[in-house]
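Under this note's numbering, the sequence shown has 493 at position 465, and the numbering climbs by one with no breaks.
The structure under discussion appears below in the form of structure tokens.
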Amino acid sequence: MKKETVDLICNVGELIRLFEKSTRVEDFLSSVVSLISEHMNTHVCSIYLYHEAKKKLILKATKGLRPEAIGKVELNLGQGITGRALKELRDICVPKASKSPFNEPIKDIGEEKYEAFLAVPILRGLSRVGVLVLQHQTPGFFDSQDTKTLKAISAQLAVILENAQLMLELGIERKIKISNSKMDSHFIKGISASDGTARGKALKLGARGEALFLTVNSEKTETTLDDFNRAVGLSISQLEQLQKEMEEHLNEMVLLIFSAHLLMLKDETFIGTMKELILDGDTPENAVIKVVNNFIALFSKSEAPLMREKAQDVKDIGHRILRNLKPGIEAPGDYSGQIIIAGELLPSEMVKFSIQRAEGIVLFGGGLTAHIAILAKSLNIPMIMTEDELLFQIEEETDLLIDAHQGHLFINPSKDVIKNYEELKISHRLAAYPDVEEKSFTRDKTRIRIFANINLLSDLKVAKKLKSEGIGLYRSEFPFLIRNELPSEEEQLRVYSKLHEEMNNKEVVFRTLDIGGDKMLSYLANRSESNPFLGLRAIRFSLKNKEIFKTQLRAMLRAGYKRNLNIMFPLISSVDDFLDVKNIVSESIIELEKEKINFNPEPNLGAMIELPSAVEIAPELASETQFMSIGTNDLVQYILGVDRTNEQVSNLYMAHHPAIYRAINRIAKAAQEKNCDLSVCGDIAADPYMIPFLIGIGIRKLSVNPRLIPVVQDRIMEISEKKCKEFARKLLGIGTIKKVKDFLKENESTLT
Ligand code: PEP
Ligand code: MG
């Protein structure tokens, strides 16, 4: 019988429809293998899915092997032909399995008699989903056309199989619908912005970040004016306590982030009006709601984000008093047990929610900006982003579960999902701080230094626990972003000194403000720009706002007193920029000298290489600076002309592009020739496929999100510098993205 490969590819749509019709994930997988084996006229078709936590491939569906084996057969990565296909991320076609050195037939599932073997990995990007396997009794039954067909099918099925895998892991057996009747869905797919899992009741903000009015409570309550007074008193003491906790954990915000809340709680027009309403016969709950809603209406009218933020502050207070009015001594007052759903979120709002113990955040598509995601990671609050409008149909108080590791939101999760979530939480907690070595070496003993990127002082704990060798990038804009006004020189000094102290005088690199682009300060009069990423951003902002810049430089110079001080400047586009910066540093030094204040008069000054122009002049910059760091998050965006925050073009934003490899290589060569210290501090420094390239071209210093230090170290320790060199040399000779991808797949296993 002939194989109907073309038909099968055409019928992939049929497979997808099968998923929509299936009542159980297992049924769907079983239909898939039946359909493929029928069209390909093969004796066996099986799907193995990769269980990330167990690091095992598990047989999930088969046509042709013993059905009892489903769920029981588990393979290690690299085990047998199937395991090897996934480990090496390549398809393997074997004419006669009994003669293959990789073959390890699994006992008791009846596969010994099948000679022809075709295994194709199922991948989402470069992440492993599973393996699709065909087997046939006739040796040499599969040809290159079959391989192509199976690859096409595997690509089409990858997304759905990835979801299926997750659902199986979480034990979802209910009817799955990804069709149009969205409200029935129990599951929304998003992308992860900050890892973690969270469970709680939905609390909604408006689609554009505006505070929604508190909903009027029609329930009859027995609460009295005394209860109201008690609730207000409790709210005040809770907020004062929070303020104290914050001072301990997040020094950046000693600036009384809840001062507005406390002021309002003590304000007679605000609290006084509520009391009057209660005396006139309103319930305390309704009095709170009426007054709060009035204020929200007032503030929401404003175009200024700062005022809209105030509306959220007022809602925050209303929310707290209402929770404190609820009977029960343990009323938390804060957002514990709640998951925030929002269209947009200001950084300061995120901090407030996080400090008030919100469990997690779900943001609608457009609301995600790079710094919001970075901030969520630093605050360690699980967050996902989705473009599914269904989000806004979720009613308040709906039971939600976020699995931000996978980017999934479960609505009204089943008992099984919740049980699995609890287990997941425990395993992640256990895995939170794996063992790390003090120093990292490749297999052939090349020393690579791993530094941490720090956004908030709270990140230091992780960095220290995971033995970071220093701070390769301190994003100094974060204290500016999360507060309501510019921090003073003294406040900045405190933060910068703390960084040095906590790191025990290990190397620390302060980056000056990177404001603009997607990071706007709500308290500065921001002119709207049609291309903010090409506008008044980073060093351009600092050079234009010299006073703000000087205040920051003075604080850094002072924090560096009797210490080694490194200051780095973002988005340098010319040597001239850098010379301007140097002049301002000199001016600040002269001022401090005159004022007889202690400071470091000899800071090391460095440039971030983030623009194509900086790549072109890297040799000159290498001569002029004391160090350089490659900010690949921006470098990729500017070289490829792809906005790093725009979901529409996120598929075009890629580091594994010939132009990017070559640009990084040129910077590395320039730095080596001029003996200029060089590091990489963009996200690619933690990319397992990029690390060998970076090492191969001579980069010895990586600065990464501190949570990723262990995986980066593992990667470094398993590869050899000698092979990395060869790997990099070959990569630099490749001219297309497709060939790069093929090369990466083929060479995965050749680096060790
Ligand atoms: C970068 O651009 O790679 C970088 C590290 O800076 P940021 O992500 O803060 O823009
Ligand atoms: Mg940058």
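Built from N, CA and C at the ideal position, the CB exists for glycine as well.
For D662, does the count of other Cβ atoms within 10 angstroms reach 16, so buried, or fall short, so exposed? Along the sequence shown, one-based indexing puts residue 662 at 634. With 16 or more other Cβ atoms from the protein chains shown falling within 10 Å of its own Cβ, D662 counts as buried.
For A113, which residues of its own chain have a beta-carbon under 6 Å away from its beta-carbon, when the five flanking residues on both sides are left out? Numbered from 1 along the sequence shown, position 85 holds the residue referred to as residue 113. Correct list, in chain order: I120, A147, P149, V159.
I need the DSSP call for T764, collapsed to helix, strand or coil. Against the sequence shown, residue 764 aligns to sequence position 736. It is coil, neither helix nor strand.
Shortest alpha-carbon distance to I264 belongs to which of E250, L293, F256, M274? Numbered from its first residue, the sequence shown carries residue 264 at position 236. Per the C-alpha coordinates, the member of E250, L293, F256, M274 positioned closest to I264 is L293.
In whole angstroms, give me the CA-to-CA distance for N321 and Q340. Here residue 321 refers to the residue found at position 293 when the sequence shown is read from its first residue. Here residue 340 refers to the residue found at position 312 when the sequence shown is read from its first residue. Straight-line Cα distance between these residues: approximately 11 Å.
Could you tell me which residues DSSP puts in a beta bridge with T414? Taking the sequence shown and counting its residues from 1, the one referred to as residue 414 is at position 386. Under the DSSP definition of a beta bridge, T414 partners with F392.
Whose beta carbon lies closer than 6 Å to any heavy atom of the ligand PEP, going through the chain in order? That query returns the following residues: L501, R503, D542, E638, G659, T660, N661, D662, C709, G710.
Exposure label - K547; buried when at least 16 CB within 10 Å: As a position in the sequence shown, residue 547 is number 519, starting the count at 1. Label assigned to K547: buried.
Could you tell me whether the Cβ atoms of A97 and L87 are closer together than 7 Å? As a working note, residue 97 is residue 69 in the sequence shown. As a working note, residue 87 is residue 59 in the sequence shown. Yes, the pair counts as a contact, with Cβ atoms nearer than the cut-off.
Return yes when the Cβ of R565 is within less than 7 Å of the Cβ of G545, no when it is not. Start at 1 with the first residue of the sequence shown, and residue 545 comes out as number 517. Start at 1 with the first residue of the sequence shown, and residue 565 comes out as number 537. Here G545 is near R565, since their CB atoms are less than 7 Å apart.
Alpha helix (DSSP H) segment containing R27, residue limits: The requested residue 27 is not part of the displayed model; the chain covers only 29 to 780.
In terms of alpha-carbon separation, which member of D310, R351, V72, E372 lies closest to D362? The count along the sequence shown starts at 1 and reaches residue 362 at position 334. Comparing C-alpha distances from D362 to each of D310, R351, V72, E372 shows the shortest one belongs to R351.
By the three-class DSSP mapping on this structure, what secondary structure does N775 have? Reading the sequence shown from its first residue, position 747 is the one you call residue 775. DSSP places N775 in helix when its eight states are reduced to three.
Name the one or two DSSP bridge partners that I439 has. Start at 1 with the first residue of the sequence shown, and residue 439 comes out as number 411. DSSP output for I439 lists L428 as bridge partner(s).
Taking all protein chains shown into account, do 16 or more other C-beta atoms lie within 10 angstroms of the C-beta of G168, making it buried, or fewer, making it exposed? Sequence index remark: in the sequence shown, residue 168 carries index 140 (1-based). Burial call: exposed.
Taking just the CA atoms, how far does G99 sit from P441? As a working note, residue 441 is residue 413 in the sequence shown. As a working note, residue 99 is residue 71 in the sequence shown. P441 and G99: Cα-Cα distance of roughly 23 Å.
State the beta-bridge partners of R475 as determined by DSSP. Taking the sequence shown and counting its residues from 1, one reaches residue 475 at position 447. Looking at the DSSP assignment, R475 forms a beta bridge with F469.
What residue does the beta strand (DSSP E) around N321 start on, and which one ends it? In the sequence shown, the residue the question calls residue 321 occupies position 293. Segment 312-328 is the alpha helix (DSSP H) holding N321; no beta strand (DSSP E) there.
Apply the 10 Å Cβ neighbour rule to G763 and answer buried if 16 or more other Cβ atoms are within range, or exposed otherwise. Locating residue 763 in the sequence shown gives position 735, where the first residue counts as 1. The residue is exposed, with fewer than 16 neighbouring Cβ atoms inside 10 Å.
Rounded to the nearest angstrom, what separates I345 and F392 at their Cα positions? Along the sequence shown, read from residue 1 onward, the residue named residue 345 stands at position 317. Along the sequence shown, read from residue 1 onward, the residue named residue 392 stands at position 364. Their Cα atoms are separated by approximately 24 Å.
By the DSSP assignment, the alpha helix (DSSP H) with K88 in it spans what residues? Looking up residue 88 in the sequence shown gives position 60. Per DSSP, K88 belongs to no alpha helix (DSSP H); it is in the beta strand (DSSP E), 84-91.
L283 versus R511: straight-line alpha-carbon distance, rounded: For this step, residue 283 is matched to residue 255 along the sequence shown. For this step, residue 511 is matched to residue 483 along the sequence shown. Annotation note: pLDDT 49 at L283 (below 50); position unreliable, coordinate value reported separately. The straight-line gap from Cα to Cα measures roughly 8 Å.
Roughly how far, in whole angstroms, is the beta-carbon of F627 from the beta-carbon of Y589, given that I think they are within contact range, below 8 Å? Taking the first residue of the sequence shown as 1, we reach residue 627 at position 599. Taking the first residue of the sequence shown as 1, we reach residue 589 at position 561. Between F627 and Y589, the beta carbon gap of about 5 Å places them in contact (Cβ cut-off 8 Å).
What do you get for I357, buried or exposed, if any count of 16 or more other CB atoms within 10 angstroms of its CB means buried? Within the sequence shown, residue 357 is the residue found at index 329, counting from 1. Its pLDDT being 49, under 50, I357 is placed unreliably by the model, and nothing is read from it.
E268 versus E304 - alpha carbon distance: Counting from 1 along the sequence shown, the entry for residue 268 is found at position 240. Counting from 1 along the sequence shown, the entry for residue 304 is found at position 276. Near 26 Å, if we compare the C-alpha coordinates of E304 and E268.
Buried or exposed for A757, going by 16 or more other Cβ atoms inside 10 Å? By 1-based counting over the sequence shown, the position of residue 757 is 729. Checking the displayed sequence, the identity of residue 757 turns out to be Arg instead of Ala. R757 is exposed by the Cβ-count criterion.
Flag this pair as yes or no: are the beta carbons of I476 and S486 separated by less than 7 Å? On the sequence shown, position 448 is the one that residue 476 refers to. On the sequence shown, position 458 is the one that residue 486 refers to. Not a contact, by the Cβ cut-off of 7 Å.
Beta-carbon proximity list for V609, same chain, < 6 Å, skipping 5 on both sides: Position 581 of the sequence shown, counted from the first residue, corresponds to residue 609. Cβ-Cβ distances below 6 Å link V609 to F597 in the same chain, with the five nearest sequence neighbours on each side left out; the list follows chain order.
Shortest alpha-carbon distance to I765 belongs to which of H685, G261, L428? Taking the sequence shown and counting its residues from 1, one reaches residue 765 at position 737. If you compare the alpha carbons of H685, G261, L428 with that of I765, the shortest gap goes to H685.
When the Cα of T70 is compared with those of E143, I576, K84, L290, which residue comes out closest? What you label residue 70 is simply residue 42 of the sequence shown in a count that begins at 1. The alpha carbon of T70 has as its nearest neighbour, out of E143, I576, K84, L290, the alpha carbon of E143.
Hey, how far is the Cα of I219 from the Cα of M413? By one-based count along the sequence shown, residue 219 stands at place 191. By one-based count along the sequence shown, residue 413 stands at place 385. For I219 and M413, the distance between alpha carbons rounds to 5 Å.
Coil, strand or helix - I727 by DSSP: Position 699 of the sequence shown, counting from 1, holds the residue named residue 727. DSSP, read as helix, strand or coil, puts I727 in coil.
Ordered along the chain, which non-local residues of its own chain (more than five positions away) have a Cβ less than 8 Å from that of L581? Sequence index remark: in the sequence shown, residue 581 carries index 553 (1-based). Correct list, in chain order: T540, I595, I612, V613, S616.
For K590, report the span of its beta strand (DSSP E) as first-last. The sequence position of residue 590 within the sequence shown is 562, counting from 1. Annotation: K590 is outside any beta strand (DSSP E) and is labelled neither H nor E by DSSP.
What did DSSP end up calling L407 once you bin it into helix, strand or coil? Locating residue 407 in the sequence shown gives position 379, counting from the first residue. Per DSSP, reduced to three states, the secondary structure at L407 is helical.
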